[in-house]
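Participant:
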């Protein structure tokens, strides 16, 4: 798990998730079968009886549909899923090979896709591409120079040094300003090992500024008393949204991108294309004003809003080295 255990229950859970992660990565490395990738990710989630104690696997809805399994998008107990999908189903066989405990939760989900279209009043465009866009996320400053910058989705651009155009609306009217990518990561080439998805964009003109966001640092791992994690996400396309964290995924993705350390966000159909980079901020104590991270991907029906939403954990990105580059 990307969060460290603090008691016997979470130590047990860590061992179970690590075993699942090994199986998941082996599946990614193997040649895809006739139905392609069978699972989209693994992690942990709140248990039905309370407490953050259940392993979580994201089963491919596409693979289940191709094989004729009579099961829809949703969250199921492992034993129920195994019975309904059938023990001979390729997805069932894969999950069973991971030696899942009976209290594992199976999320039947569609392929996770990065989102990339934003509202005209809050958008950031890759200058080299007229089609790629995302949402300005959490403000930050560069440690080396103190210049203003912000965190957005790495899949917006291709590399450090790329330039973007930002639709600034803080002055009351739309003004386009320039930005340069100073630090960048995109797990599009990470393979089965997974990676992070972020871009740190510096404002080119020193006269430009970014409105501050009040927060109290990054959110830590799920821990007792396991209260519901209510979260606001400030989407560029969908606007302000509120929901609940429903999982902590160690890794997820498809053959193109494998994301490490992501929060799973619910309820369904809140975020949509264009919300990549959107800030996810805690609402209620003890998570109030805590930064969970930024929205990087969703799965489901983009035009209706994504059925599942995935938020890149900022604390993990900082711990992996980004903390030496920026101040939040």
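Numbering (the numbering used here), first residue to last: 30 to 357.
Note that CB positions come from ideal geometry on N, CA and C, so glycine has one too.
(1) Check each candidate in 305, 218, 279 and 263 and name the one with the smallest Cα separation from residue 327.
(2) When burial is assigned at 16 or more other CB atoms within 10 Å of the CB, is residue 240 buried or exposed?
(3) Pick helix, strand or coil for residue 92, following the three-state DSSP scheme.
(4) In the DSSP assignment, find the beta strand (DSSP E) that holds residue 137 and state where it starts and stops.
(5) For the beta strand (DSSP E) that residue 288 lies in, which residues bound it at each end?
(6) If you check the beta carbons only, do residue 289 and residue 81 fall under 8 Å apart?
(7) Buried or exposed: residue 109, going by 16 or more other Cβ atoms within 10 Å of its Cβ?
(8) Using only alpha-carbon positions, find the residue among 245, 246, 353 and 45 that is nearest to residue 131.
(9) Which term fits residue 77, buried or exposed, when burial requires 16 or more other beta carbons within 10 angstroms of its beta carbon?
(10) Give me the residue from 309, 325 and 324 with the minimum Cα distance to residue 318.
(11) Measuring alpha carbon to alpha carbon, tell me which residue in 142, 84, 295 and 209 is nearest residue 262.
(12) Grab me the residues of residue 14's own chain with a C-beta within less than 6 Å of its C-beta, minus the 5 sequence neighbours each way, in chain order.
(13) Count the other C-beta atoms from every protein chain shown that fall within 10 angstroms of the C-beta of residue 338, then say buried if there are 16 or more, exposed otherwise.
(14) Taking its Cβ as the centre, do 16 or more other Cβ atoms sit within 10 Å of residue 87, making it buried, or is it exposed?
(15) If you compare alpha carbons, which of 243, 91 and 279 is closest to residue 225?
Facilitator: On the basis of the coordinates in this document:
(1) Working through the chain shown from its first residue, we reach residue 327 at position 298. Checking every option, the nearest Cα to that of residue 327 belongs to 305.
(2) Here the question's residue 240 lines up with position 211 in the chain shown. Exposed, by the Cβ-count rule.
(3) Numbered from its first residue, the chain shown carries residue 92 at position 63. Three-state DSSP puts residue 92 in a helix.
(4) Taking the first residue of the chain shown as 1, we reach residue 137 at position 108. From DSSP, the beta strand (DSSP E) with residue 137 extends over 134 to 138.
(5) The residue given as residue 288 occupies position 259 in the chain shown. Run containing residue 288: 287 to 295, per the beta strand (DSSP E) assignment.
(6) Counting from 1 along the chain shown, the entry for residue 289 is found at position 260. Counting from 1 along the chain shown, the entry for residue 81 is found at position 52. No, the Cβ-Cβ distance between residue 289 and residue 81 is not below 8 Å.
(7) Counted from its first residue, the chain shown places residue 109 at position 80. Exposed.
(8) Mapped onto the chain shown, residue 131 falls at position 102. For the residues 245, 246, 353 and 45, the minimum Cα distance to residue 131 belongs to 45.
(9) Within the chain shown, the letter at position 48 stands for residue 77. Burial call: exposed.
(10) Start at 1 with the first residue of the chain shown, and residue 318 comes out as number 289. Per the Cα distances, 309.
(11) As a first step, residue 262 is located in the chain shown; it is residue number 233 there, counting from the start. When only C-alpha atoms are compared, the closest one is 295.
(12) With the chain covering only 30 through 357, there is no way to say anything about residue 14.
(13) To locate residue 338, count along the chain shown from 1; it is residue 309. It counts as buried.
(14) In the chain shown, the residue the question calls residue 87 occupies position 58. Flag for residue 87 reads buried.
(15) The residue labelled residue 225 in the question sits at position 196 within the chain shown. Nearest option by C-alpha distance: 279.
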